[in-house]
Each structure stands twice: as structure tokens, then as C-alpha cells.
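Notes for the one structure printed next.
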Amino acid sequence: MFEGLSFSLEGGVALVVTGPNGVGKSSLLRTLAGLVALAEGHLTLSGGVDDHTPYEHAHYFGHQDAVKPALSVLENLVFWQDFSDAAVPHGFAGDGMSPHEALELLGIGHTARLPAAYLSAGQKRRLSLSRLLVTPRPIWLMDEPTSALDTASEQTLLDLMNGHLAKGGMIVTATHTPLALTPMRKLHLETAQAGEGEAV
Amino acid sequence: MDPFDLGPHAGFIIACYFITISVVAGLIAWVVLDRRQLNKALNELEEQGIKRARGNQAQS
Amino acid sequence: MAIWDYANPTRFMRLADRILPWLIGICVIAFAIGLYKSFFMAPEDYQQGDTVRIMFIHVPAAWLAMMCYSVMALSSIGTLVWKHPLADVSAKCAALIGAAFTFISLVTGSLWGKPMWGTYWVWDARLTSVLVLFIMYLGLMALWRTMEDPIKAGKAAAVLTLVGALNLPIIKFSVDWWNTLHQPASVMRLDGPTIHPDMLVPLLVMAFAFSVLFFVLHLRAMQNEVLRRRVRTMRQKAAASARPAAATATTQPAE
Amino acid sequence: MTGWAKALFLRELRIAVRIGGSGVVGVLFFLAVVTVIPFGVGPDLNLLARIGPAFLWIGALLATLLGLDRLFQADREDGALDLILMSGRSLELVVLVKCLAHWMATGLPLVLAAPVLAIFLNLEPLAIGAVTLTLLVGTPALTLIGAIGASLTVTLRRGGLLMAVLVVPLAIPVLIFGVSSADAAIHDPVPFMTPFLIMCALSLIAAVVGPLASAVALRFAAD
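Chains as they are written, first to last, in the numbering used here: chain A, 275 to 474; chain B, 80 to 139; chain C, 19 to 273; chain D, -7 to 215.
The structure is reproduced here in C-alpha cells:
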């Protein structure tokens, strides 16, 4: 998929991946998440928690929400909190919120007891996002994080992402909408040269 | 004729009536408990400030 | 048309509340008389002995099993043709009650069969037809449970109910055919030789009591179903109601 | 480790019970299959009693297969499978827990329904007990073997039928020893324990091979 792609990212910095459709932004994120095996090359994480693979330090926030309509909003969130381990390496000051706090913060606290089937697309998206807040992990891999969100929620999302960076977390995000993240680096992928990493 | 002497097959007769009574009791319990639970849900929602959706309230 | 006055769920709820106490009273009295008569007045059958007392619940239950299906079929026509808003509520509620009565008639039938035939179950034409009816009831209930939207589920179930109603005589006929093909009427029929008037009266009273019981349960279940739909729409409203902080936010797609 | 497994188990069970009661539909299918048999072979009670255990087993096999295609597919469609894969939890254990929950929701109701259906087929009380016992031990094996097929066809949109074709041959040994131990219990001279113990062994093997194989298949499916 990619040739000669190489980059490194330190804590507290966001990497925004841009490029035309179909260039492989999503595949890059899925590779980082460990869902697609590396054909060659390697992925290393320095300073992580022992006994954890790099993937276990990451949250993947993809196109799909992983929300079960049959469960209540709270049950959905609590499951992911129980299921995924927290990973708090040295230099990352993240801490997990309680599920209720996370839902309130994202403006869906009033739906906590309702079945998730009643949620709108944007509300499901926010429920999926709340997963990142209840389990602290330093790396956020976000594929088009703003899709289906209204402007107010987009602002909340941006605040959350900047807050994550301030705590020393990393964000790798693929997006078409400009996001005001600081500090930020850009990675522009092009089809012609099959992925040329360029840090700005 | 003694009405409480049900003959050699008393067990079957009693089982029949017992099963019928328990099924009917189950139906009644379903109806009653369901009503109670729904009323609770309605009250909870009304406390949250959601208005009752009263169908088409044209002529009441 | 009187039925149309009760198309409004709120008016239906009020009317049902008014009728129900009377129906419950009649039901209790009818059962008291019916049970008294069937235990103390009815004579033992000269062939079947005391097991004939099973008949007083078995036969009414079997009648009701068929009556419930008729109610469902009528309601289905109401859903599809007249588009009466309460028709699918009625059909849905009748299904569970119908299945329960079918179950009663199957179980009491097989408990009656054990002392009479020496086995709990024979593939007699009548029993088999009732078993098929039972499966159809359960299938309809499963259809209702699986579909999220009650309106869509009601329409789908109405189509299936009507197809079933058309099919039931054919099923009955083919089961009869199949049965006579294999088994030249060696089994004793459940309805016995002839019914003595002393047994007929308690039987009719019990049948009446069971019918009233059906209407009580059906009305109550319909009320519950109306409430359930109310809760559903209110929950949807609850989910959609915006949080106080973002009440003014416009919902524009971010792309 | 037990915490997350319990959370997963409860989640699977809740979903299975709330969505249209898939266990109930399985039992209904089981009932329909058993009802149809006499129409095919005739209502001769002696004949039915002889072939009853076999048909109960076949009915249970078909009903188990029917519910299995959604085992991983639902999680894949909404993206939950991706999250489970990268969670760092042992995928073999995840599969085992999911199978256990699925069996509780769909397999156990089949086992409980078997005695009632056995009455329709005119089985003796001893035979009813034997069939129920063999189903209790054997249906988990069917679920675990079926999980392999479910994970192989997880990416296919209409994988249900293909899954059945893949799984049926693998399930044959369980069927053979299940039916023969039930038969052995009815006909006196044949020992019951020999085929029954072999079937227990098959279930244990399935508990190891099933999760291992389907974990491998699920990892491939994520690519």
C-alpha cells in the first residue's frame, strides 16, 4: 500500500493526515491500530507500558460507532470501559472519567438509560467518542472524527482533542476539515509517489 | 357421588387444572406487571419533562 | 360506525376502563358457576370415567384457540383494508393469548390422551392441526418481536395472518388426508360418543367463561400496548430533545 | 482477566435476549422441524420412537446452525470487532466467551425443549433422558465448531448458507456419537458410556480447536 513511508511522533503532538480520497488515509490508521498487518517495516513505541503492544496504547475512532442498539447508552459505554485496559505510560497525564461524566460532557447524559436504538447518528457518534474518555490511552487514532457532528459538538471534540494533547497524548487523525489543533504536524499523502511523508 | 374422588386418573385431572390455572395466572400476571412497568416508565419520562404523546386529541 | 369513534387511543383507553370491571365480574361469576357445575353436577362418563372433567377446560380452550385466530384475522383486515389504528394492537395482543389457549388445549389434550390411549401424543388429524396452529401463533409472535417499528411489524404480521387464515382450511384438509392415508381411524376421538345434556350445560358455561376471560385479557393487553407505544414515542422525544447547553446549536453536517 | 470476560459475557447475553429472543426462534424452528417429520415418514408411533433420537439431534443441529451466522457478523458490521481485535485481549478467549454466551441464549433452550418434543416422537422416559443428556453435552460442541464457520464467512454478506455447508461436515462426528449414545441407552446390550465418553471428548476438543481456528480466521478477516 505505501512505499517508503516513515514518520515519528512524540507525545503531546497531533499528526493530521491529509490527501485525496482513496490514497490510503484510513488504511494508514488501521495499520497503526494493528488491524492491518505491516507488509514490511516496523512500528515501535518507546516509553510505553510494559507487556502492552503499541496497539493496546491506542484508541481507534473509525467510521463505525460500535454501538449496540439493543443495549442502553450507559451499558454500551460501561462495556467498553470494562473490556479495554487503560494504558498510562510515563509522561501521559490522562485519567479516566466516569461514564456519567463522559456522557454529560458530550451532551448525551440525558439519554443514559435509553436504548441506544433511539439515538440519532450524531448522538451515536458522540457515544462512540465517549469511549475514548473513560479509558485513558495515550494514542488516539481518529478517522474523520468530525463526520455526522454538528458545529457545537465539533467544538467540543476539538476541545477534547486539544486537552488530550495538553496531557501529553498523541493524536493521528485523517480529515478533510481543517482542525485547529496545537501543536500540529501535517502528513500529506499523494497517489503519484505512493505516499511521501512530509512533515510541515 | 363424591365430587372429590376423581377415580383412578385423578393425577391427570389435577395436572390439567393445575396447568390451566398456572397458564391463566401467568397471563394475568403478564398483563398486570406489564401495566405497572409501563406506568413507571411513563412517570419517569414525565418527570424528565417529556410531554405525553396523546395521539390525535381532536375531540376530547 | 361505532368502531371509528374508538380509533382515538385515548377514548379507547377510557372506554376500556369503564367496561373492564363489569367484564371481570361476569368472568368470575361464570367461572364459579362453570366449575361448580362441572365438578358437582356433571355425571361421570360411562366410558371415560372422571377424566371427562378434563373436557370442561380442554374443549373451551380449543374453541378459544380458533376464536383468537379469527379475531386476529379480522383485525388484520382492519389493519390492511380499513387502516384502523387499533387493529394491529388488537392483533398483536390476541396472538399471545391465542398461543396460551392453544397451549392449554394441547397439554390438556395430551393429559387426557394418556389414560385413554396409553400415550401422551398421537398424530391424530385434529391434534396435529392444533399443533400447526400453535406453531403459526408462535411464528407470528416472533415476527412481532423481531421488527423494531410497530407499524411495519403490524402490516407484515397482518399479511401473514391472512395468508394463514386462507391456508388453515387447506392445512386441515391435507392433514386429514395424510392421517387417513396412514391410519385408518383406529384412534378414539376426543369428543367422545354423544354429549349428555348434563355435561353440555357446564361445558357451555365454561366456554362462555373462557370467552369473557379472553376479552378481559385482550382489552387489558391492548391498553398496555397503547401505553407501550406512548412510552416509545416519548423515549424518542427524550433522545431527540437537545441538551440545555447546545439548545441553540444548528444541526449542520460537518463536511 | 475475569472482569472483562464477565463484561463481555453479560453484554452478549443481554443482546441475545433483547433482540427478538433469538433463542426462542431457535426453539420454534426446532419444533417446526420435529413437527414436519411425521408428515414425511407417517404417524406410526413405533417407527417414530425408533428414529426419534436421530431426528431430535438433526433438528438441534439445524437450529444451532441457523442462529450462528450472526455470531461475529453483527460485531463486524458496526465496527465492534475492530475494537475487540485491537483491545489486546486474547482473541481465543473472546471467542470462547462469545460461544458460551451464545450457547446459553440459544443452545440451552434447545436442550430444555428437547424433552417436550421427545413426547411428540413417542420416546420412552429413559430415551428422553438419554437424548437430553447427550444434547446437553453435544450442543456446545456444535456451537464451537459452528463458530469456525461463522468467523470464516464473517466478511460475506450472505454467509449464512455457506457457513452451514462448511460446518455440517465438521459436525458429523458429534452427530454420530450423540445419536449412537442415545440409542445405546434405549437398547440394552450396547454400552452407553463408550459412545458418550467419545462425544464428551469431541466436545472438549471442539472447545480447544474452535476458538483457536476462529481467532485465526477473524484476524485474517480484519485485513
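Idealized CB from N, CA, C, for every residue including glycine.
Classification of residue i by the beta-carbon crowding that lies within 10 angstroms, buried from 16 upward
i	result
Glu125(B)	exposed
Val193(C)	buried
Gln355(A)	buried
Leu388(A)	buried
Ile29(D)	buried
Leu208(C)	Legend: pLDDT at Leu208(C) = 49, less than 50; position of this residue unreliable, value from coordinates given subsequently. With 16 or more other Cβ atoms within 10 Å, it is buried.
Phe232(C)	buried
Arg149(D)	exposed
Leu153(D)	exposed
Ala265(C)	Because the pLDDT of Ala265(C) is 35, which lies under 50, any placement of that residue in the model is unreliable, and the question is left without a value.
Lys398(A)	buried
Arg3(D)	buried
Arg36(C)	exposed
Gly202(D)	buried
Glu418(A)	buried
Local conformation of residue i per DSSP, three classes
i	result
Ala361(A)	coil
Val291(A)	strand
Tyr334(A)	strand
Ala386(A)	coil
Ser172(D)	helix
Asp70(D)	coil
Val446(A)	strand
Ser280(A)	coil
Leu423(A)	coil
Met191(D)	helix
Met165(C)	coil
Ser346(A)	strand
Pro211(C)	The predicted model places Pro211(C) with a pLDDT of 47, which falls under 50 and marks its position as unreliable; any figure quoted below should be read in that light. In the structure shown, Pro211(C) sits in coil (DSSP, three-state: anything other than H, G, I, E or B).
Ser139(B)	Residue placement at Ser139(B) is flagged as unreliable, the pLDDT there being 32, under the threshold of 50; the coordinate-derived value follows with that caveat. Correct three-state label for Ser139(B): coil.
Asp106(C)	helix
Asn185(C)	helix
Ala453(A)	Reading off the sequence shown, one finds Leu at residue 453(A), where the question assumed Ala. Coil.
Lys101(C)	coil
Pro101(D)	helix
Pro181(D)	coil
Lys190(C)	helix
Listed by chain order, chain D residues near residue i by CB distance under 8 Å
i	result
Val341(A)	Asp70
Thr137(C)	Leu37, Asn114
Leu151(C)	None at all; the shortest Cβ gap to chain D is about 11 Å.
Asn197(C)	Pro35
Amino acids of chain D, ordered along the chain, whose beta-carbon sits closer than 7 Å to that of residue i
i	result
Ser358(A)	Ser79
Gly157(C)	Leu20
Boundaries of the alpha helix (DSSP H) in which residue i is found, first to last residue
i	result
His462(A)	Careful: His462(A) lies outside any alpha helix (DSSP H), inside the beta strand (DSSP E) at 458 to 462.
Ile93(B)	89 to 126
Asp35(C)	27 to 54
Trp416(A)	According to the sequence as given, residue 416(A) is Met; it is not Trp. Here Met416(A) belongs to no alpha helix (DSSP H); instead the beta strand (DSSP E) covers 413 to 417.
Leu303(A)	299 to 306
Arg3(D)	-6 to 10
Leu406(A)	395 to 408
Glu314(A)	From DSSP, Glu314(A) is part of no alpha helix (DSSP H); its letter is neither H nor E.
Contact list for residue i against chain C, beta-carbon separation under 7 Å
i	result
Ala104(B)	Per Cβ cutoff of 7 Å: no residues; Ala104(B) is ~11 Å from chain C at best.
Ala94(B)	Leu129
Ala120(B)	Val249
Continuous beta strand (DSSP E) stretch holding residue i: start and end
i	result
Trp49(D)	Premise fails: Trp49(D) lies in the alpha helix (DSSP H), 37 to 60, not in any beta strand (DSSP E).
Leu144(D)	Unbroken run through Leu144(D) is the alpha helix (DSSP H), 117 to 144; no beta strand (DSSP E).
Proximal chain C residues relative to residue i, where beta-carbon distance stays under 8 Å
i	result
Ala391(A)	Glu166
Gln397(A)	Ala257
Phe91(B)	Thr69, Ile72, Leu129, Trp130, Lys132, Pro133
Amino acids of chain D, ordered along the chain, whose beta-carbon sits closer than 9 Å to that of residue i
i	result
Leu351(A)	Under the 9 Å cutoff, chain D gives no residues; its nearest Cβ is about 11 Å from Leu351(A).
Residue i: CB within 8 Å of a non-hydrogen atom of the ligand GTP
i	result
Trp162(C)	Questions concerning the ligand GTP fall outside what the structure shown contains, since it holds no ligand whatsoever.
Residues that residue i contacts on chain A, provided the C-beta gap is smaller than 7 Å
i	result
Leu216(D)	Beyond the ends of chain D as shown, which are -7 and 215, falls residue 216(D); an answer cannot be given.
**Q.** Members of the stretch 117 to 131 of chain C that neighbour chain B once the beta carbon cut-off is set at 9 Å
**A.** So the close ones are Ala118, Phe119, Phe121, Ile122, Val125, Thr126, Leu129, Trp130.
Q. Which residues, taken in chain order from the stretch 237 to 256 of chain C, show a beta carbon closer than 9 Å to some beta carbon of chain A?
A. Contacts with chain A (Cβ-Cβ distance below 9 Å) from the stretch 237 to 256 of chain C involve Arg250, Arg253, Gln254, Ala256, listed in chain order.
Q) What residues in the stretch 370 to 384 of chain A bring their beta carbon closer than 8 Å to a beta carbon of chain D? A) Within the stretch 370 to 384 of chain A, no residue places its CB atom closer than 8 Å to a CB of chain D.
Q) Of the residues that make up the stretch 26 to 51 of chain D, which ones have a beta carbon closer than 9 Å to any beta carbon in chain C? A) Those residues of the stretch 26 to 51 of chain D that come within reach of chain C (Cβ to Cβ, closer than 9 Å) are Thr27, Pro30, Phe31, Gly34, Pro35, Asp36, Leu37, Leu40.
**Q.** Near-chain A residues of the stretch 73 to 97 of chain D - C-beta to any C-beta below 8 Å
**A.** Hits within the stretch, in order: Asp74, Leu75, Ile76, Leu77, Met78, Ser79, Gly80, Arg81.
Q: Please list the residues of the stretch 101 to 132 of chain D that have a C-beta atom closer than 8 Å to any C-beta atom in chain C, keeping them in chain order.
A: Along the stretch 101 to 132 of chain D, going in chain order, the ones with a CB nearer than 8 Å to a CB of chain C are Ile111, Phe112, Asn114.
Q.
Beta carbons nearer than 7 Å to chain D: which residues of the stretch 37 to 48 of chain C have them?
A. Listed by position, the residues of the stretch 37 to 48 of chain C near chain D (Cβ gap below 7 Å) amount to none.
Q. Which residues, taken in chain order from the stretch 327 to 338 of chain A, show a beta carbon closer than 8 Å to some beta carbon of chain D?
A. Residues passing the 8 Å Cβ filter: Thr327, Tyr329, Glu330, Ala332, Tyr334, Gly336, His337, Gln338.
Q. For the stretch 447 to 466 of chain A, which residues have a beta carbon sitting closer than 7 Å to at least one beta carbon of chain D?
A. Going along the stretch 447 to 466 of chain A in chain order, one finds no residue with a Cβ nearer than 7 Å to chain D.
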